[in-house]
Amino acid sequence: RSRPFLTCGDCGEKLTYSKLSPEDKERIVTIADAMPVGCKYAAPIDAQGRPVNPEEVNVACPSCEKPLLKRKGRFGPFLSCPDYPTCNGVVNLDRKGYVTPPKVPPLETDLECNKCEANLYLRTGARGPWLGCSKYPKCKGRGAWKKLEEDVRTKWEALLYEHEKLNPPPKIKSTDGQVIEAGSEFAPMPLNEQEALQEDEA
Numbered sequence: 003r004s005r006p007f008l009t010c011g012d013c014g015e016k017l018t019y020s021k022l023s024p025e026d027k028e029r030i031v032t033i034a035d036a037m038p039v040g041c042k043y044a045a046p047i048d049a050q051g052r053p054v055n056p057e058e059v060n061v062a063c064p065s066c067e068k069p070l071l072k073r074k075g076r077f078g079p080f081l082s083c084p085d086y087p088t089c090n091g092v093v094n095l096d097r098k099g100y101v102t103p104p105k106v107p108p109l110e111t112d113l114e115c116n117k118c119e120a121n122l123y124l125r126t127g128a129r130g131p132w133l134g135c136s137k138y139p140k141c142k143g144r145g146a147w148k149k150l151e152e153d154v155r156t157k158w159e160a161l162l163y164e165h166e167k168l169n170p171p172p173k174i175k176s177t178d179g180q181v182i183e184a185g186s187e188f189a190p191m192p193l194n195e196q197e198a199l200q201e202d203e204a
């Protein structure tokens with residue numbers, strides 16, 4: 003069955019279909035890097051070969067507050083700002099598709115990973131501070147927090163407290179201003195569906 007005739011939404015040229023091997027992809031990237039900047043349009047396609055445009059959802063960008071777009075990456079669906087790369091706002095989704103509010107970035111210590119000797123990161127978990135390798139996921143080394151000398155733990159606890167005060171995670175909000183709390187099981191809804199729902203309720 004023939005594929006539909008489609009044109010690029012940016013430059014108007016006819017779109018072509020290609021299934022590439024890893025070697026093909028590598029060659030194309032090498033060639034593309036050497037070419038002058040041209041049209042960069044690319045999009046995933048559905049079973050009929052039609053471009054699948056990302057959905058605008060009812061979650062606001064944590065940086066610029068515009069409605070985010072639902073996209074699919076190598077690790078599954080996520081939300082990103084429509085103004086990327088000018089704005090790098092991103093919101094992660096868990097395996098069930100619920101919004102995962104961002105956490106405080108880890109504090110890098112000078113304590114060494116016992117597997118790869120890279121510095122360990124210090125974070126606050128449900129059971130208190132814990133240490134993990136800064137090279138994760140390449141290295142899954144962990145540090146034994148409770149086995150550290152008491153004065154070392156006291157020092158890093160104080161530094162972690164200051165770090166968390168200076169680096170609060172941004173609040174994630176819905177497009178109507180509702181703060182999305184951790185554990186609230188907020189599933190993003192296409193913006194046009196939410197607007198239709200609000201009209202029906204009115």
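Numbers in the numbering used here are just positions in the sequence shown, counted from 1, shifted up by 2. Each residue gets a CB set at the ideal place from its N, CA and C atoms; glycine is no exception.
| Item | Value |
| --- | --- |
| Going by DSSP in three states, Tyr86 sits in which element: helix, strand or coil? | coil |
| Tell me whether Arg129 sits in a helix, a strand or coil according to DSSP, three-state version. | coil |
| Mind checking whether Val59 and Ala45 have CB atoms under 9 Å apart? | no |
| Does Asp95 pass the burial test, meaning 16 or more other C-beta atoms within 10 Å, or should it be called exposed? | Rather than Asp, the amino acid found at residue 95 in this sequence is Leu. Counting Cβ neighbours within 10 Å, Leu95 comes out buried, since at least 16 surround it. |
| Quick check on DSSP: helix, strand or coil for Val54? | coil |
| Out of curiosity, what's the CA-to-CA distance linking Lys74 and Glu152? | 45 Å |
| Compute the Euclidean distance between the alpha carbons of Arg3 and Ala49, then round it to the nearest angstrom. | In this prediction, Arg3 has a pLDDT of 48, which is less than 50 and means its spatial position is unreliable; what the coordinates show is noted afterwards. Roughly 12 Å between the two C-alpha positions. |
| Under the three-state reduction of DSSP, which class applies to Arg3: helix, strand or coil? | Caution applies to Arg3, whose pLDDT of 48 falls short of 50 and renders its modelled position unreliable; the value that the coordinates give is listed next. Looking at Arg3 - three-state DSSP - the assignment turns out to be coil, as it is neither helix nor strand. |
| Where does Lys173 land, buried or exposed, given buried means 16+ other C-beta within 10 angstroms? | exposed |
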